[in-house]
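J.:
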Amino acid sequence: MSFSVPKTDTVADLTDPVRLTQKLIRCQSITPMEGGALNLLEQWLSTLGFTCRRLSFSEEGTADVENLFAVKTVRGTENFCFAGHTDVVPAGNPQNWHHDPFQGVVFDGVLTGRGAVDMKGAIAAFVAAVARSLKNNTPPEQTLSFLITGDEEGVAVNGTRKVLKWLEDQGIKLDFCLVGEPSSVEKVGDTLKIGRRGSLNTRLTVLGKQGHVAFPEKADNPLPKLVSVLHTLKQGPKETKSHFFDPSNLELTSIDVGNQTTNLIPEKATARFNIRFNDQQTGKGLSEWIKEVCARHAENFTTEFEFSGEAEFLEPNEKTAHISSVIQEVTGLVPDMTTAGATSDARFIRHHCPVVEFGLIGRTMHQTNECVPISDLERLTRIYGKIFKTTASKSS
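Residue numbers (this note's numbering): 1 to 396.
1) From what residue to what residue does the alpha helix (DSSP H) around Arg-132 run?
2) Count the C-beta pairs between the region 139–148 and the region 64–73 that are closer than 8 Å, then say yes if the count reaches three, no if not.
3) Where do the ends of the alpha helix (DSSP H) carrying Gly-283 lie?
4) CB-CB under 6 Å to Val-185, same chain, minus the five flanking residues each way: which ones, in chain order?
5) Does the pairing of the region 188–207 with the region 357–377 give three or more beta-carbon distances under 8 Å?
6) Exposed or buried, Glu-402, counting other C-beta atoms within 10 Å across all chains shown (16 or more means buried)?
7) Compute the Euclidean distance between the alpha carbons of Arg-19 and Trp-97, then round it to the nearest angstrom.
8) My assumption, with CB atoms under 8 Å, is that Gly-198 sits in contact with Gln-281. Please give the rounded CB distance.
9) So for Glu-357, helix, strand or coil by DSSP?
10) Please report the distance separating the alpha-carbon of Val-155 from that of Met-33.
11) For Lys-319, collect the residues of the same chain with a Cβ closer than 8 Å to its Cβ; drop the 5 residues on either side in sequence, then sort them by chain order.
12) Going by C-alpha distance, which of Val-330, Phe-313, Thr-368 and Ser-324 is nearest Gly-341?
13) Alpha carbon to alpha carbon, how far is Ala-311 from Ile-383?
14) Tell me which same chain residues have a C-beta within less than 6 Å of the C-beta of Ala-37, skipping the five on either side of it?
15) Arg-114 and Glu-370: beta carbons closer than 8 Å?
16) Looking only at DSSP bridge pairs, what is Ala-83 linked to?
17) Which two residues bound the contiguous alpha helix (DSSP H) that contains Gln-338?
18) How many whole angstroms separate the CB atoms of Leu-204 and Leu-286, which I take to be in contact at a CB cut-off of 8 Å?
19) To the nearest angstrom, report how far apart Phe-301 and Asn-259 are at their CA atoms.
20) Between which two residues does the beta strand (DSSP E) holding Phe-69 run?
21) Looking only at C-alpha atoms, which of Leu-380, Arg-296, Val-71 and Val-206 sits nearest to Pro-140?
22) Tell me the DSSP secondary structure of Asp-118 in three-state form.
23) Anyone know if the C-beta pair for Leu-178 and Phe-82 falls short of 8 Å?
24) Might you give, ordered along the chain, the residues of its own chain that have their beta carbon closer than 7 Å to the beta carbon of Phe-273, omitting 5 neighbours on each side?
25) From what residue to what residue does the alpha helix (DSSP H) around Ala-37 run?
26) Is Val-105 helix, strand or coil by DSSP?
27) Measure the Cβ-Cβ separation of Gly-283 and Phe-307 and say whether it is below 8 Å.
28) In whole angstroms, what is the alpha-carbon distance linking Ile-265 and His-352?
29) Please list the segments of the beta strand (DSSP E) lying wholly inside the region 202–272, counting only runs of 3 or more residues, in order along the chain.
30) Would Ala-128 and Thr-10 qualify as a contact pair, given that the criterion is a beta-carbon distance under 8 Å?
31) Strictly by DSSP, which residues pair up with Thr-320?
32) How would you write the range of the beta strand (DSSP E) that Pro-373 sits in, first residue to last?
33) Using only the alpha-carbon positions, how far apart do Val-330 and Leu-45 sit?
34) Go ahead and pull the three-state DSSP assignment for Arg-397.
35) Give me whichever residues DSSP pairs with Pro-140 in a beta bridge.
36) Write down the C-beta distance between Gly-109 and Leu-377 rounded to the nearest angstrom, noting that I regard them as a contact closer than 8 Å.
Here it is in structure tokens:
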């Protein structure tokens with residue numbers, strides 16, 4: 001479904017990434033609420049000559065989610081897609097913030113607000129980069145598109161995945177995608193994410209027999225067995241060294257028996273944990289390994305697995321070399337090509353086209369007083385503006 005949005009901003013108005021980031025932050029688009037952020041973005045992109053489509057998806061048991069796909073076509077060229085999300089995590093107690101988390105206050109050269117780095121700042125930077133190319137009469141010489149969801153920070157059911165399916169159904173092909181996640185570590189440009197680890201969540205329950213602590217022979221305590229299982233699992237699966245990935249890692253997130261008394265042996269004990277794994281492992285292989293370890297230490301147990309995606313990376317090529325050279329030209333830094341960090345919607349996009357992640361410094365994302373130096377927004381805008389091809393830049 002398409003929407004007609006009044007064009008209140010001129011192209012010149014859209015060249016300032018700080019102003020655009022502030023406007024997006026003032027839209028309280030906490031997952032899954034749209035909050036006006038996509039309306040604003042649709043207005044800007046329409047002004048820049050993009051054809052916009054609003055896509056709303058729902059599924060039983062989940063909230064309706066608004067998404068946006070916008071494209072500015074240059075016939076006979078590759079489709080370079082910028083992907084991201086306007087939804088943000090809750091701000092928590094606003095009293096703990098230096099400034100209102102939804103005002104985008106600039107103080108002492110720093111812009112503070114929920115979504116400043118994750119990832120309204122990056123969206124604003126890419127919009128500003130396109131606007132500058134048009135204002136300077138150096139328009140893009142390739143097809144540019146935006147795939148923006150309101151569902152990345154949530155369950156990710158009605159967002160990017162369904163937009164990608166819609167694109168397939170429409171016969172629209174993406175040739176390369178840059179996701180504007182906050183990939184930088186210490187300085188903007190120090191890291192280019194070319195892949196992501198796999199992720200497997202597990203809920204393990206070891207079953208026993210309830211009883212009085214004074215008569216352990218009449219009970220079957222599941223806790224020692226669970227501890228033995230977790231000790232073995234924490235040592236990790238055997239694997240050879242991977243060139244682009246750190247070793248696979250298991251992190252415990254919960255251990256619970258629901259026991260409210262001091263003299264009762266519980267009948268069951270449950271643990272939850274996550275494994276971020278490299279390209280030496282698969283979700284299926286790790287699931288089998290977990291069950292095998294459990295069987296060594298406990299006769300009676302259950303496992304529940306939630307699999308987010310396999311490890312994947314983009315072999316460095318001409319595209320990554322071009323992006324790296326642009327980053328070096330603007331910042332003087334040679335970016336580290338890495339697969340570290342959390343998962344993103346790139347895990348869905350990778351099935352459709354090559355994808356990398358590059359954006360702001362992620363140090364304050366999801367934190368109280370999330371913030372970005374305005375100089376970083378300017379630097380990212382300049383990098384983005386040199387990544388896509390214009391009449392002033394013939395490199396690919």
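Built from N, CA and C at the ideal position, the CB exists for glycine as well.
Here the structure is a predicted model, which means the values were calculated and not measured.
T.: So, from the listed chains and residues:
1) On the sequence shown, residue 132 is found 132 positions in, with the first residue counted as 1. Here the alpha helix (DSSP H) through Arg-132 covers 121–135.
2) yes
3) Taking the sequence shown and counting its residues from 1, one reaches residue 283 at position 283. Start and end: 283–297.
4) The residue you call residue 185 lines up with position 185 of the sequence shown. Here the set comprises Thr-191.
5) yes
6) Limits of the chain in this structure are 1 at one end and 396 at the other, which puts residue 402 out of reach.
7) Numbered from 1 along the sequence shown, position 19 holds the residue referred to as residue 19. Numbered from 1 along the sequence shown, position 97 holds the residue referred to as residue 97. Near 21 Å, if we compare the C-alpha coordinates of Trp-97 and Arg-19.
8) Numbered from 1 along the sequence shown, position 198 holds the residue referred to as residue 198. Numbered from 1 along the sequence shown, position 281 holds the residue referred to as residue 281. Going by Cβ atoms, the distance from Gly-198 to Gln-281 rounds to 7 Å, so yes, they are a contact pair.
9) As a position in the sequence shown, residue 357 is number 357, starting the count at 1. Glu-357 falls in the strand class under three-state DSSP.
10) Translated into positions along the sequence shown, residue 155 becomes position 155. Translated into positions along the sequence shown, residue 33 becomes position 33. For Val-155 and Met-33, the distance between alpha carbons rounds to 13 Å.
11) For this step, residue 319 is matched to residue 319 along the sequence shown. Same-chain partners within the cutoff: Phe-176, Pro-354, Val-356 and Ser-396.
12) As a first step, residue 341 must be located in the sequence shown, where it is residue number 341. Gly-341 has its Cα closest to that of Phe-313, out of Val-330, Phe-313, Thr-368 and Ser-324.
13) By 1-based counting over the sequence shown, the position of residue 311 is 311. By 1-based counting over the sequence shown, the position of residue 383 is 383. Straight-line Cα distance between these residues: approximately 27 Å.
14) What you label residue 37 is simply residue 37 of the sequence shown in a count that begins at 1. The residues are Leu-24, Cys-27, Ser-29 and Thr-86.
15) In the sequence shown, the residue the question calls residue 114 occupies position 114. In the sequence shown, the residue the question calls residue 370 occupies position 370. In contact: Arg-114 and Glu-370 (Cβ atoms closer than 8 Å).
16) In the sequence shown, the residue the question calls residue 83 occupies position 83. Leu-147 and Val-179, per the DSSP bridge assignment.
17) As a position in the sequence shown, residue 338 is number 338, starting the count at 1. Checking the sequence shown, residue 338 turns out to be Thr, not Gln. Where Thr-338 is concerned, there is no enclosing alpha helix (DSSP H), although the beta strand (DSSP E) it sits in stretches over 336–338.
18) Looking up residue 204 in the sequence shown gives position 204. Looking up residue 286 in the sequence shown gives position 286. In fact, because the Cβ distance is near 13 Å, the residues do not count as touching under 8 Å.
19) Numbered from its first residue, the sequence shown carries residue 301 at position 301. Numbered from its first residue, the sequence shown carries residue 259 at position 259. Those two C-alpha atoms are separated by around 18 Å.
20) Against the sequence shown, residue 69 aligns to sequence position 69. First-last of the beta strand (DSSP E) with Phe-69: 65–72.
21) In the sequence shown, counting from the first residue as 1, residue 140 sits at position 140. The residue with the shortest Cα to Cα distance from Pro-140 is Val-71.
22) The count along the sequence shown starts at 1 and reaches residue 118 at position 118. Helix at Asp-118.
23) As a first step, residue 178 must be located in the sequence shown, where it is residue number 178. As a first step, residue 82 must be located in the sequence shown, where it is residue number 82. Cβ distance < 8 Å, so Leu-178 and Phe-82 count as in contact.
24) Numbered from 1 along the sequence shown, position 273 holds the residue referred to as residue 273. Counting only Cβ-Cβ distances below 7 Å, and skipping sequence neighbours, we find Thr-202, Leu-250, Glu-251, Leu-252 and Thr-253.
25) As a position in the sequence shown, residue 37 is number 37, starting the count at 1. Element bounds for Ala-37: 37–47.
26) Mapped onto the sequence shown, residue 105 falls at position 105. Strand, per DSSP.
27) What you label residue 283 is simply residue 283 of the sequence shown in a count that begins at 1. What you label residue 307 is simply residue 307 of the sequence shown in a count that begins at 1. Yes, Cβ-Cβ distance for Gly-283 and Phe-307 is below 8 Å.
28) Walking along the sequence shown from the start, residue 265 turns up at place 265. Walking along the sequence shown from the start, residue 352 turns up at place 352. Computed Cα separation, rounded: 52 Å.
29) 249–256
30) As a working mapping, residue 128 is identified with position 128 in the sequence shown. As a working mapping, residue 10 is identified with position 10 in the sequence shown. No. Outside cutoff.
31) If you number the sequence shown from 1, residue 320 lands on position 320. Note: Thr-320 sits in no beta bridge, so no partner.
32) Position 373 of the sequence shown, counted from the first residue, corresponds to residue 373. Unbroken beta strand (DSSP E) run through Pro-373: 371–373.
33) Indexing the sequence shown from 1 puts residue 330 at position 330. Indexing the sequence shown from 1 puts residue 45 at position 45. Whole-angstrom Cα-Cα distance: 25 Å.
34) For the chain, the structure presents residues 1 to 396; residue 397 sits outside this window and is missing.
35) Taking the first residue of the sequence shown as position 1, residue 140 is located at position 140. Answer is Thr-390.
36) Locating residue 109 in the sequence shown gives position 109, where the first residue counts as 1. Locating residue 377 in the sequence shown gives position 377, where the first residue counts as 1. Between Leu-377 and Gly-109 the Cβ distance is about 11 Å, and since that is not below 8 Å, they are no contact.
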